[in-house]
Amino acid sequence: MKAIAITRAATEGSNIPFLTDIELPQPVAEGHDLLVEVKAISVNPVDTKVRAGFNADTPRVLGWDAVGVVKAVGSAVTLFAAGDEVWYAGALGRPGSNSEFQLVDERIVARKPRSLDNASAAALPLTAITAWELLFHRLGVEEGGNAGDTLLIVGAAGGVGSILTQLASKLTGMTVIGTASRAESQKWVREAGAHHVIDHSKPLADELARIGVKAVTHVASLTNTDQHYPQLIAALAPQGKLALIDDPETLDVVPLKAKSISLHWEFMFTRSMFATPDMIAQHQLLTRVAALIDDNTIKTTLGEHYGAITAANLQKSARAAGNRAFGGQNRAGGLLR
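For the sequence shown, my numbering begins at 2 and goes up steadily by one.
So this is what it looks like as structure tokens:
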């Protein structure tokens, strides 16, 4: 089968030219695995991080977000059958979606939204899983609940932030405050459902005071946590909750003690990396998100559509920002060509 792999190590950011079209044997589905014919993918920051950290000369197929059609199933599969259209974000330690066919565990897969074409659907799984797990599994927010609580989302205009803003504003009773610095980003966050939008390039205390908020009960820090950390602690109410997804070099937890603030990490690959007993939670939440999309509660966050999945197009996208999709519902003859 055709695939695209990173083939050589290099200094950070300089290995983009080493994304190469290669041929690999088609894998065979066993156990809980599905063999999926990939129809569309998207590129996320995790692709960039893994590529930048690649330090071997053995080719590795990257790619996580994907939409495809089930071609075969392992002997333990109970959730899917050949012909099902599916979407997923894959597993960090397995060959990725930049290939014609991919093996993926059924417990982290769901049927794709019926209302979206393949490219639009491919832009969502990783960010949707991250946002859902952060809100409902890490912070412990209840669907339909938490009236009177306030959620501050730092970086609300990004991929995860856009989905998180929609989930929190549509599915909970929380007051949602999103941060964005540019006018167009602020408009996007308002359209996603934020009750208030503030500018994270300005002092957070001043911005919160401007909208009449003395303290927040929950914070989702999605970017530049180390930069905003002291201000987030100051903004949180006693016994508040702080969740983050980025990678600060260090994080001093001692300042959290006085207010008994709890710290929550979200990493959407944890369940698949460690084969946790609740792995199927990702199947369940992706199924729920698909239903929310089909009833127009949640909207896609697709940035750009680059066409067919090729090494040249992946090299081009590696220099761009935002969620970028490849492939499409009506692309004949497969995606890699």
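Ideal Cβ positions, reconstructed from N, Cα and C, are used throughout, including at glycine.
Three or more Cβ pairs drawn from the stretch 104-122 and the stretch 278-295 lie within less than 8 Å of each other, which places the two stretches in contact.
Considering only 191, 235 and 85, the residue with the shortest C-alpha distance to residue 206 is 235.
Rounded to whole angstroms, the Cβ separation of residue 154 and residue 130 is 17 Å, and the two are not in contact under 8 Å. Bridge partners of residue 217 according to DSSP: 237. For residue 284, no beta strand (DSSP E) encloses it; the enclosing alpha helix (DSSP H) starts and ends at 282-295. Residue 126 and residue 238 have their C-alpha atoms spaced approximately 32 Å apart.
One alpha carbon belongs to residue 212, the other to residue 200, and they sit about 11 Å apart. Restricted to the stretch 28-53, the alpha helix (DSSP H) segments that are unbroken, complete and at least 4 residues in length are 46-53, listed in chain order.
Taking 8 Å as the cut-off, the Cβ atoms of residue 164 and residue 218 do not count as close.
Boundaries cannot be given for residue 202, as no beta strand (DSSP E) includes it and DSSP labels it neither H nor E. Taking C-alpha positions only, residue 272 is separated from residue 280 by approximately 5 Å.
Between the C-alpha atoms of residue 141 and residue 88 there is a straight-line separation of about 25 Å. At a Cβ-Cβ threshold of 8 Å, residue 302 and residue 160 count as neighbours. The straight-line gap separating the alpha-carbon atoms of residue 3 and residue 22 is approximately 7 Å. In the structure shown, residue 115 falls within a coil segment according to DSSP collapsed to helix, strand and coil.
The DSSP assignment places 151-155 and 176-180 as complete runs of the beta strand (DSSP E) inside the stretch 148-192, in order along the chain (cut-off: 3 residues).
Residue 109 is a Cβ neighbour of residue 92, given a cutoff of 8 Å. Between residue 202 and residue 124, the C-beta spacing is not below 8 Å. Following the DSSP letters along the chain, one finds residue 299 in no beta strand (DSSP E), marked with neither H nor E. Pairing residue 267 with residue 221, the inter-Cα distance amounts to about 10 Å.
Straight across, the Cα-Cα distance linking residue 182 with residue 36 is about 43 Å. Classified as exposed, residue 29 has fewer than 16 neighbouring CB atoms from the shown chains inside 10 Å of its CB. In the same chain as residue 143, and ignoring 5 residues on each side of it, the C-beta atoms closer than 8 Å to its own belong to 137 and 173, in chain order. If you look at residue 273, you'll find it in the alpha helix (DSSP H) that goes 271-274.
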